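Enquirer: After the structure tokens below, expect a handful of questions from me.
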Amino acid sequence: YHSSNITKSDTELVDRYFKSKNIESWNTRLVKTEENGKTVFTIIVASVNSGIQSSEEFEGVKIVVENGDYHLLLSRVNKELANAIPHAANENQKQMLQKYVDHFNNGNINDHKDGSRFWIKDVNPAVESYIGFIENYRDPAGT
């Protein structure tokens, strides 16, 4: 989601950045600040792991990608997901759960997509579960 000072043109610029890097914004928040008179957009990725992933110039602004949003909560989620793996009904479910753990650890949405591919193959489970940041029906930009 976006800080209150984000404009439509800001979201369009950051969207171009996402597209240039072939990444999704599903598990991120966007914060706009100023540093020495220059606009800085910080993309905060939900993940257990924390730290600066990248910092670069893009179309005249600085864009910082920082991991660690919701890290305390996601650490707890991952602990329980990892505990569930040995109790999964089949190998497919184990791989699905492991991919969700990987995704929450590193914030890489491709790991979540891989987990979803296993979820799709899990036909008629006794208990069905799905977890993630991908069911955004309307983003902060209103699209």
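The number in the numbering used here is simply the position in the sequence shown, starting from 1, with 1 added. Using N, Cα and C, we set each Cβ at its ideal position, and we do this for glycine too. These numbers come from a predicted model, not from an experiment.
(1) Looking only at C-alpha atoms, which of 42, 23, 54 and 27 sits nearest to residue 14?
(2) If residue 50 sits next to residue 109, beta carbons under 8 Å apart, how far is it from one beta carbon to the other, in whole angstroms?
(3) If we call anything under 9 Å between Cβ atoms a contact, is residue 33 one with residue 72?
(4) Find the nearest neighbour of residue 36 within the set 85, 61 and 9, judged by alpha-carbon distance.
(5) Suppose only complete runs of 4+ residues qualify. What are the alpha helix (DSSP H) ranges in the stretch 28–57, listed by chain order?
(6) Let me confirm a value: residue 104 is counted as buried when at least 16 other C-beta atoms fall within 10 Å, else exposed. Which label applies?
Expert: If we stick to the structure as given:
(1) As a first step, residue 14 is located in the sequence shown; it is residue number 13 there, counting from the start. That would be 42, whose Cα lies nearest to the Cα of residue 14.
(2) As a position in the sequence shown, residue 50 is number 49, starting the count at 1. As a position in the sequence shown, residue 109 is number 108, starting the count at 1. Contact flag wrong, Cβ pair sits at about 10 Å.
(3) Taking the first residue of the sequence shown as 1, we reach residue 33 at position 32. Taking the first residue of the sequence shown as 1, we reach residue 72 at position 71. Not closer than 9 Å, so no.
(4) Taking the sequence shown and counting its residues from 1, one reaches residue 36 at position 35. Cα-wise, what sits closest to residue 36 is 61.
(5) none
(6) Within the sequence shown, residue 104 is the residue found at index 103, counting from 1. Buried: at least 16 other Cβ atoms inside 10 Å.
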